[in-house]
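Each residue of the sequence shown is one higher than the one before, starting from 52 at the first, in the working numbering.
Even for Gly, the Cβ is constructed at its ideal location relative to N, Cα and C.
On a predicted model such as this, the values are computed, not experimentally measured, just so you know.
Reviewing the structure listed below.
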Amino acid sequence: TSQDWKNFTNFKPNTYMKKDETSVQFPKGFFKQFKSKESFQEYFNSLFKEGIEEMLKCELDEHLGYSKHSIEGYNTGNSRNGSFPKTINTENVGEVVLNIPRDRNGAFEPILIPKGQTISSKIEDAIIGMYSRGMTTSDVRHQVLEIYGLDISETTVSNITESIMESAKEWQQRTLEPVYFAIWMDGIMLKIRTDNKVISKCVYIVIGLKPDGIKEVLGFWIEKSESAAFWMSVLTDLKARGVEDILIACTDNLKGFTQAIKAVFPEAVTQLCIVHQIRNSCKFVVHKDRREFCQDLKKVYTAINKEIALEELEKFKLKWQKKYKYAIASWEANWDNLSNYFDYPLELRKIIYTTNTIENLNRGIRKYTKTKTQFPNENAASKSIYLAIKNIENAWIMPIKSWGIILQQFLIIFDNRCKL
52 TSQDWKNFTN FKPNTYMKKD ETSVQFPKGF FKQFKSKESF QEYFNSLFKE GIEEMLKCEL
112 DEHLGYSKHS IEGYNTGNSR NGSFPKTINT ENVGEVVLNI PRDRNGAFEP ILIPKGQTIS
172 SKIEDAIIGM YSRGMTTSDV RHQVLEIYGL DISETTVSNI TESIMESAKE WQQRTLEPVY
232 FAIWMDGIML KIRTDNKVIS KCVYIVIGLK PDGIKEVLGF WIEKSESAAF WMSVLTDLKA
292 RGVEDILIAC TDNLKGFTQA IKAVFPEAVT QLCIVHQIRN SCKFVVHKDR REFCQDLKKV
352 YTAINKEIAL EELEKFKLKW QKKYKYAIAS WEANWDNLSN YFDYPLELRK IIYTTNTIEN
412 LNRGIRKYTK TKTQFPNENA ASKSIYLAIK NIENAWIMPI KSWGIILQQF LIIFDNRCKL
């Protein structure tokens with residue numbers, strides 16, 4: 052059983068194992084026969100090896116349906132066919148060479164030591180951990196060789212990390228909260244090989260703020276380019292996974308983004324990122340004017356309320372209209388969705404006026420993927436993005452700053468739409 056196996060592999064000298072209230076103690080003077088710790092370890096390693104090999108033989112007996120030398124095995128069409136050596140690395144004993152039994156038909160697949168498994172789960176976890184922090188398969192291979200003395204191939208590293216893709220699929224399809232108080236949406240570009248060409252693809256990412264004040268990544272999706280139409284399919288996916296309502300959605304000013312959100316979650320308040328808007332405006336401004344331009348613009352987005360902000364925008368327009376018409380026009384065209392944050396208290400404004408929350412995540416993902424200048428396929432990209440996200444999410448264990456105050460504000464403003 053799994054408990055027997057745990058007891059066996061966690062064996063320590065001078066102790067006895069218990070099972071079903073029955074204890075087995077070593078004979079008096081048992082340990083005196085060993086002159087040193089090393090001699091006992093050598094003895095125990097041989098005992099471990101013999102125990103594992105006996106278990107494997109029992110597995111083969113069960114597979115064949117008869118024990119060794121039994122007449123029941125005559126004319127069954129299959130029989131034992133010796134064994135082959137296999138080196139495994141265990142957590143407690145270290146490197147052990149086992150004789151793995153085999154059958155003549157080659158159909159026997161051990162459960163205890165599965166085919167293809169040559170290293171312990173501890174080392175597998177280390178490999179996944181190194182890969183998730185941006186190391187290439189080549190880097191991981193050399194690191195494992197240096198630390199563990201294990202010479203594994205890059206293909207082995209890739210196969211081990213591939214095992215997490217099943218978890219990634221389950222994570223991507225998991226049921227979500229019925230209500231998110233806020234979501235942040237953005238995309239990053241990665242180079243991925245597709246049809247023998249390396250092209251830039253957009254990774255769509257959504258972060259949600261749960262009713263307990265803790266953030267979580269709701270998922271990521273890979274598409275050729277960023278578009279409002281695909282964002283609508285992303286939102287539809289979220290709805291299919293259990294999201295019933297979104298109170299505030301924070302995005303950049305991609306054309307059609309707001310309409311896409313309203314099409315799926317019509318009651319959601321949409322807030323365009325002020326920082327994105329400032330950057331877009333500054334593209335039209337020459338360097339010598341930029342400092343003064345930004346100082347005047349700051350009076351608009353840091354105003355006390357929407358009315359004063361609108362007055363400051365008019366003053367800003369009168370001063371800069373002739374020189375930077377297109378920079379001003381963008382603020383006027385998007386004003387309704389840029390100014391929504393003025394309707395809320397200061398604590399709540401701070402978390403919705405910009406998409407910095409998701410941009411911080413994007414920077415973290417780029418940090419973990421920067422060593423990979425390009426990905427061989429979408430699967431490899433998805434694997435790295437998922438592992439990077441899980442690493443970053445490990446730090447998201449506390450509610451956002453001033454959550455008690457912000458929660459009260461959400462409950463008062465949105466009343467019956469909040470579900471705790």
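What's the gap between the Cα of Phe-308 and the Cα of Phe-159?
-> 56 Å
Taking DSSP as the reference, what is the three-state secondary structure of Phe-159?
-> coil
Under 9 Å, do Glu-110 and Pro-161 count as touching if we go by C-beta distance?
-> Between Glu-110 and Pro-161, the C-beta spacing is below 9 Å.
Determine the direct distance from the alpha carbon of Ser-332 to that of Ile-256, and round the result to whole angstroms.
-> 25 Å
Would you call the region 265–276 and the region 439–455 in contact, with 3 or more CB pairs under 8 Å?
-> yes
Compute the distance between the beta-carbons of Leu-348 and Phe-335, then report whether it is under 9 Å.
-> No.
Please say whether Asn-391 and Val-320 have beta carbons closer to each other than 9 Å?
-> Between Val-320 and Asn-391, the gap from beta carbon to beta carbon is short of 9 Å.
Whole angstroms is fine: what's the gap from Glu-410's alpha carbon to Met-449's?
-> 19 Å
Just to confirm, are Ala-291 and Met-236 a CB contact at a threshold of 9 Å?
-> no
From Tyr-419 to Ser-435, what does the alpha carbon distance come to, in whole angstroms?
-> 8 Å
Does the Cβ-Cβ distance between Ala-233 and Ile-402 come in under 9 Å?
-> Cβ atoms of Ala-233 and Ile-402: closer than 9 Å.
Would you please state the rounded distance, in angstroms, between the beta carbons of Lys-287 and Val-315? I believe it to be under 8 Å.
-> Position check: residue 287 holds Thr in this sequence, whereas Lys was assumed. That pair is a contact at about 6 Å.
So, Thr-302 versus Cys-324, is the Cβ gap smaller than 9 Å?
-> yes
Through-space distance from Ile-355 to Ala-378, alpha-carbon basis | Each residue's Cα considered, the two are about 23 Å apart.
Which of the three DSSP states, helix, strand or coil, is assigned to Trp-447?
-> coil
Quickly, what does DSSP pair Val-320 with across the bridge? List them, please.
-> Ile-299
Would you grab the beta carbon distance between Ile-273 and Ala-432 for me? Rounded to a whole angstrom, and I think it's under 8 Å.
-> 7 Å
DSSP three-state assignment for Asn-132, whether helix, strand or coil | strand
Going by CA-CA distance only, name the one from Glu-362, Lys-261 and Asn-156 that's closest to Lys-350.
-> Glu-362
Which value, in whole angstroms, describes the spacing of the CA atoms of Ile-297 and Val-230?
-> Cα-Cα distance, rounded: 6 Å.
Going straight from the alpha carbon of Ile-250 to that of Glu-429, what length do you get?
-> 11 Å
Please classify Thr-424: is it buried, with 16 or more other beta-carbons within 10 angstroms of its beta-carbon, or exposed?
-> exposed
If you draw a straight line from the alpha carbon of Lys-137 to that of Glu-104, how long is it in whole angstroms?
-> CA-CA distance, Lys-137 to Glu-104, rounds to 11 Å.
Do Gly-472 and Glu-197 have their C-beta atoms closer together than 9 Å?
-> The displayed coordinates of the chain run from 52 to 471. Any statement about residue 472 would go beyond what the structure contains.
Would you list the one or two residues that DSSP bridges to Leu-115?
-> In the DSSP output, where bridge partners are listed per residue, Leu-115 has none listed.
So who's on the other strand from Asn-331, going by DSSP bridges?
-> Asn-331 is not bridged to any residue.
Give the single residue among Met-106, Ser-189, Met-283 and Glu-358 whose Cα lies nearest to the Cα of Lys-306.
-> Met-283
Going by C-alpha distance, which of Cys-345, Ile-243, Phe-393 and Asn-150 is nearest Ile-359?
-> It is Phe-393 whose Cα lies nearest to the Cα of Ile-359.
Can you grab the Cα-Cα spacing for the pair Glu-72 / Asp-112, in whole Å?
-> Residue placement at Glu-72 cannot be trusted, given a pLDDT of 42 that sits under 50; the coordinates are not used to answer.
For Ala-293, three-class secondary structure by DSSP = The question names Ala, yet the displayed sequence has Gly at residue 293. The answer is coil: DSSP assigns Gly-293 none of H, G, I, E or B.
DSSP state of Thr-52 mapped onto helix, strand, coil | With a pLDDT of 42 at Thr-52, under the threshold of 50, the modelled position of that residue is not reliable, and no figure is offered here.
Could you please give me the residues that DSSP links to Met-240 through a beta bridge?
-> Cys-253
First and last residue of the uninterrupted alpha helix (DSSP H) at Ile-273 | From DSSP, Ile-273 is part of no alpha helix (DSSP H) but of the beta strand (DSSP E) over 266–274.
Spatial neighbours of Glu-398 within its chain, please: CB distance less than 8 Å, with the 5 preceding and 5 following residues excluded, ordered by chain position.
-> Ser-453, Ile-456, Ile-457 and Gln-460
By Cβ distance, which residues of its chain are closer than 8 Å to Glu-123, with the 5 residues on each side in sequence left out?
-> Gly-116 and Tyr-117
Every unbroken alpha helix (DSSP H) within the region 371–404, with a cutoff of 4 residues, ordered by chain = Counting whole runs of 4 or more residues, the region 371–404 contains the alpha helix (DSSP H) stretches 376–384, 386–389 and 397–403.
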